[in-house]
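Residue 176 in this note's numbering sits at position 176 of the sequence shown, with consecutive numbering throughout.
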Amino acid sequence: MATVGLYQIQLALVDEYQKLVSGTGTGLGTDGIYTVDHKDLGTKTANITGLAGTIAKIYGNNNVQDVTVGTSEPSVALDINNLDYQIKQQIKGFVSDSKGGYTDENLKAHVALLITTQTIDRLHYVYYGFGDGIMTETAANIQTDAAAEQRVDDSLTYTALSTIAFNNQPYKIYSDLDSKFDKANMYKEVFGGYVLPTPPAGGSVSGTGSGTTQG
Numbered sequence: 001m002a003t004v005g006l007y008q009i010q011l012a013l014v015d016e017y018q019k020l021v022s023g024t025g026t027g028l029g030t031d032g033i034y035t036v037d038h039k040d041l042g043t044k045t046a047n048i049t050g051l052a053g054t055i056a057k058i059y060g061n062n063n064v065q066d067v068t069v070g071t072s073e074p075s076v077a078l079d080i081n082n083l084d085y086q087i088k089q090q091i092k093g094f095v096s097d098s099k100g101g102y103t104d105e106n107l108k109a110h111v112a113l114l115i116t117t118q119t120i121d122r123l124h125y126v127y128y129g130f131g132d133g134i135m136t137e138t139a140a141n142i143q144t145d146a147a148a149e150q151r152v153d154d155s156l157t158y159t160a161l162s163t164i165a166f167n168n169q170p171y172k173i174y175s176d177l178d179s180k181f182d183k184a185n186m187y188k189e190v191f192g193g194y195v196l197p198t199p200p201a202g203g204s205v206s207g208t209g210s211g212t213t214q215g
């Protein structure tokens with residue numbers, strides 16, 4: 001199965017028990033989920049690596065007889081065009097001085113992440129869910145404008161942690177290609193108990209309250 005494009009990413013803060021943190025001033029908005037969309041000029045890339053663990057060959061009788069596979073250690077390199085300033089500091093775990101300044105006091109925030117892509121016919125959705133992880137920003141390559149504007153995107157690295165809802169695995173893949181796909185259950189698992197709004201009669205849920213998602 002091939003996929004095409006980066007449809008959207010969604011973020012939420014979770015606590016030490018991997019439960020959704022919501023509410024203004026504590027979570028990423030009222031319902032706790034933040035959708036990176038038009039207000040942020042969207043996301044360019046979400047490059048996922050480490051989905052499979054390291055393979056070690058087992059030899060016997062001068063041949064490879066078996067392999068062992070280590071635990072997967074996923075990370076995601078995110079390139080977001082213009083992420084909201086305060087949201088960016090929150091997901092990095094930076095501490096506000098209530099005067100517009102933020103410092104890194106090594107209190108890393110725990111972040112849940114849902115990445116959505118589509119099948120090549122654009123009729124179905126494929127989701128990569130991460131129920132817990134740490135977001136870091138390691139560099140900012142600031143350059144002078146010359147003949148052209150020199151933009152510096154928001155480049156962040158997400159390091160996935162084990163998620164209780166995934167049987168202590170670091171990630172889970174979902175798709176509406178599966179006849180048993182349960183979108184509400186996906187949101188509940190990825191975002192620490194989040195309850196997806198019930199669609200109106202004769203309609204469908206078009207968002208989480210923080211932005212648009214389909215599928």
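Backbone N, C-alpha and C define an ideal beta-carbon position, used for all residues, glycine too.
Contact belief for Thr-117 with Gly-5 at Cβ below 8 angstroms, rounded distance in angstroms: Within the sequence shown, numbered from 1, the residue matching residue 117 stands at position 117. Within the sequence shown, numbered from 1, the residue matching residue 5 stands at position 5. So it is a contact: roughly 6 angstroms between Cβ atoms.
Stretch-stretch touch, CB-based, cutoff 8 angstroms, three pairs: the stretch 154-164 with the stretch 76-83: yes
Cβ shell of Ala-46 (< 7 angstroms), same chain only, five flanking positions each side left out: Position 46 of the sequence shown, counting from 1, holds the residue named residue 46. Counting only Cβ-Cβ distances below 7 angstroms, and skipping sequence neighbours, we find Leu-6, Ile-9, Val-76, Leu-78 and Ile-115.
Simplified DSSP state of Val-152, which is helix, strand or coil: Start at 1 with the first residue of the sequence shown, and residue 152 comes out as number 152. If DSSP states are grouped into helix, strand and coil, Val-152 belongs with coil.
Rounded C-alpha distance that separates Ala-12 from Tyr-85: Start at 1 with the first residue of the sequence shown, and residue 12 comes out as number 12. Start at 1 with the first residue of the sequence shown, and residue 85 comes out as number 85. One C-alpha to the other measures close to 15 angstroms.
Beta carbon of Ala-112 nearer than 8 angstroms to that of Phe-130: The residue you call residue 112 lines up with position 112 of the sequence shown. The residue you call residue 130 lines up with position 130 of the sequence shown. In contact: Ala-112 and Phe-130 (Cβ atoms closer than 8 angstroms).
Distance, Thr-68 Cα to Val-190 Cα: Sequence index remark: in the sequence shown, residue 190 carries index 190 (1-based). Sequence index remark: in the sequence shown, residue 68 carries index 68 (1-based). Their backbone Cα atoms lie some 28 angstroms apart in a straight line.
Those residues which DSSP pairs with Ile-58 across a bridge: Residue numbering aside, residue 58 sits at position 58 when the sequence shown is read from its first letter. DSSP lists Asp-66 as partners of Ile-58.
The beta strand (DSSP E) enclosing Met-135, as first and last residue numbers: Residue 135 sits at position 135 when you count from the first residue of the sequence shown. Segment 133-136, the beta strand (DSSP E) holding Met-135.
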